[in-house]
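A quick write-up on the structure given underneath.
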Amino acid sequence: MAETLTITDNRTGKTYEIPIKDGAIRATDLRQLKTDGEDAGLVTYDPAFMNTASCRSRITFIDGDKGILEYRGYPIEQLAQHSTYLETAYLIIFGELPTAAQLATWTRDITLHTMLHENIKKLMEGFQYDAHPMGVFLSTVGAFSTFYPDAKKIFDEQSRKKQIHRLVAKVPTIAAYAFRHSIGRPYVYPDNDLSFAGNFLNMLFKMTELKYHVNPVLERALEVLFILHADHEQNCSTSAMRGIGSSHVDPYSAMAGAAAALYGPLHGGANEAVLRMLAEIGSLDQVPAFIKRVKSGDGRLMGFGHRVYKSYDPRAKIIKQTADQVFEVTGKNPLLDIALELERIALQDEYFVSRKLYPNVDFYSGLIYQAMGFPVTMFPVLFAIPRTAGWIAQWEEMLLDPDQKIARPRQLYQGAGRRDYIPIPKR
Ligand code: CMC
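To convert, note that position 328 of the sequence shown is 412 in this note's numbering; the numbers rise steadily by one, no gaps.
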């Protein structure tokens with residue numbers, strides 16, 4: 085028997101059978117609930133899309149209560165242990181793990197696109213010396229649309245593939261140039277002998293040496309962090325990517341908007357807030373007083389809690405192990421002890437336990453990035469590099485989905501009723 089929802093409209097006394105498919109009703113089915121012929125029909129009111137599925141997706145699965153995150157069905161723990169970022173990006177974008185031959189071709193295609201057009205470099209040189217690297221990053225991604233006008237052919241599969249290669253390959257180069265620019269160092273060109281993460285480290289940190297030697301522990305740590313951040317279903321920036329892309333603009337313009345969404349402190353900036361909080365606490369003996377303050381409603385324990393995860397964020401568990409490996413190379417981040425003590429107390433405190441507040445992905449990632457030598461302004465850029473895979477996959481899925489149209493939410497108008505214009509002297 086088909087599943088339906090029976091609704092009785094008390095305004096009219098009429099009863100409606102609304103089909104339920106895949107655990108959802110279609111909001112447009114509610115339009116038939118009208119009081120009279122003039123009425124446009126019932127709408128749903130859902131600020132922040134708290135309970136509205138805006139698409140069907142086959143990319144990322146999250147069970148927030150159980151702490152499960154899977155890309156295309158593969159658990160994040162297995163990918164973090166066995167995969168590389170490029171392999172995971174392939175999986176996210178094309179839907180399956182690549183064969184050895186497919187991975188070799190994909191890696192080659194990405195490697196061939198790592199360089200930036202010299203005019204892009206000049207454009208980046210025009211930014212102020214203290215420009216925020218994320219501002220530089222998103223402006224440069226947007227500027228790509230003027231360099232690659234062929235990207236407008238969004239329904240041409242070959243053209244889409246080309247832009248995918250360009251985007252995945254060039255974002256680390258933009259990020260590294262933005263970083264070098266912010267500290268007044270000359271740009272380092274990509275070294276295609278190195279891995280994706282290794283080359284990124286080269287472009288960031290190479291000085292006068294002829295060949296940059298990549299530390300394998302830091303290279304692997306970066307790969308793992310990139311895998312963990314590659315997609316997270318319909319979050320704020322991904323919704324921006326889909327929403328902007330739904331106007332059929334080119335992917336560079338859409339991705340500039342997605343990166344802008346990630347720039348915000350409520351999205352890509354939380355790990356920076358964690359570091360500020362740890363520095364403000366300052367020492368272990370101040371931890372209990374800080375927890376007391378948070379419990380009294382004065383501030384939040386940054387890096388704790390999540391809209392979706394109501395148990396330990398699976399990414400946080402993996403990051404904690406990665407942090408230990410990184411600190412063996414870089415020396416321990418002095419703020420780590422404060423973080424561990426905060427976590428220890430919070431995990432047994434009734435306030436945090438009853439509200440299901442556990443460490444999220446940002447609780448430890450900032451500590452790792454800082455130990456690796458990144459300034460906090462680079463944190464959202466480090467997030468944007470791997471999230472490019474997720475944004476592109478979600479954009480393409482949206483484009484090819486026959487259910488999708490240009491994004492255009494409704495509103496509940498609560499402003500003034502019709503009134504006549506008043507000339508200035510009479511106001
Ligand atoms: N510290 C102290 N109390 C908290 C915290 C926290 N970090 N997070 C939530 N609460 C309390 C909140 O005060 C509320 O208590 P009460 O019921 O007494 O009013 C209850 O827990 C529920 O909070 P909420 O604000 O309704 O939860 P939300 O789902 O709207 O917010 C959140 C989720 C992530 C915005 C929030 O937990 C938070 O602000 N955390 C700190 C910032 C942070 O770490 N953000 C990174 C998120 S992960 C990044 C990503 O995945 O992209």
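Every residue gets a Cβ at the ideal spot worked out from N, C-alpha and C, and that includes glycine.
Neighbourhood of residue i by C-beta, 6 Å cutoff - its chain only, sequence neighbours within 5 removed
i: Pro159; result: none
i: Gly389; result: Leu441
i: Ile248; result: Ile476
i: Asn276; result: Thr195
i: Asp93; result: Leu117
Assumed close pair residue i, residue j - CB separation to whole angstroms, cut-off 8 Å
i: Tyr174; j: Trp190; result: 5 Å
i: Ala314; j: Gly341; result: 19 Å between Cβ atoms; not a contact.
i: Val445; j: Ile403; result: 6 Å
i: Asp397; j: Gly151; result: 7 Å
i: Ile177; j: Ala473; result: 6 Å
Limits of the alpha helix (DSSP H) - the one that residue i falls within
i: Pro335; result: 335–347
i: Leu362; result: 354–365
i: Pro470; result: 463–484
i: Tyr174; result: 169–178
i: Tyr448; result: 446–455
i: Tyr505; result: Premise fails: Tyr505 is in no alpha helix (DSSP H) and is neither H nor E.
i: Thr191; result: 184–195
i: Asn391; result: Sequence inspection shows Arg at residue 391; the Asn mentioned does not correspond to that position. First-last for Arg391: undefined, no H or E at that position.
i: Leu420; result: 420–432
i: Val308; result: 300–312
i: Ser331; result: Taken as a continuous stretch (DSSP letters only), Ser331 belongs to no alpha helix (DSSP H), as it is neither H nor E.
i: Met208; result: 202–209
i: His166; result: 160–166
i: Gly219; result: 217–231
i: Ile490; result: No alpha helix (DSSP H) holds Ile490; DSSP gives it neither H nor E.
i: Thr414; result: 398–414
i: Asn283; result: 280–289
Host beta strand (DSSP E) of residue i (start-end)
i: Ile152; result: 152–155
i: Leu89; result: 88–93
i: Asp147; result: 144–147
i: Thr99; result: 98–103
Close beta carbons around residue i, own chain, < 7 Å, minus the five adjacent residues each side
i: Lys236; result: Asp334
i: Ile104; result: Glu87, Thr88, Leu89
i: Phe228; result: Tyr336
i: Glu101; result: Thr88, Thr90
i: Leu362; result: Leu419, Ile422, Ala423
i: Phe458; result: Leu466
Same chain, Cβ closer than 8 Å to residue i, neighbours up to 5 away in sequence not counted
i: Ser395; result: Gly148, Asp149, Lys150, Gly151, Lys440, Tyr442
i: Phe133; result: Gln318, Ser323
Can we say the stretch 281–290 touches the stretch 127–146, given the rule of at least three CB pairs closer than 8 Å? The stretch 281–290 is not in contact with the stretch 127–146.
On the three-pair Cβ rule with 8 Å, is the stretch 296–310 touching the stretch 400–416? Contact holds between the stretch 296–310 and the stretch 400–416, because three or more Cβ pairs, one in each stretch, are under 8 Å apart.
Q) Does the stretch 207–227 touch the stretch 254–266, meaning 3 or more C-beta pairs lie closer than 8 Å? A) Yes, they touch.
contact_flag[the stretch 226–240, the stretch 430–439] where n(CB pairs < 8 Å) is 3 or more: The stretch 226–240 makes no contact with the stretch 430–439, as fewer than three CB pairs between them are under 8 Å.
- Evaluate the contact criterion for the stretch 343–363 versus the stretch 442–453: three or more CB pairs, one atom per stretch, below 8 Å. The answer is yes - the stretch 442–453 touches the stretch 343–363, with three or more Cβ pairs under 8 Å.
Pairing CB atoms from the stretch 477–495 with CB atoms from the stretch 375–392, are three or more of them under 8 Å?
-> No, the stretch 477–495 does not touch the stretch 375–392.
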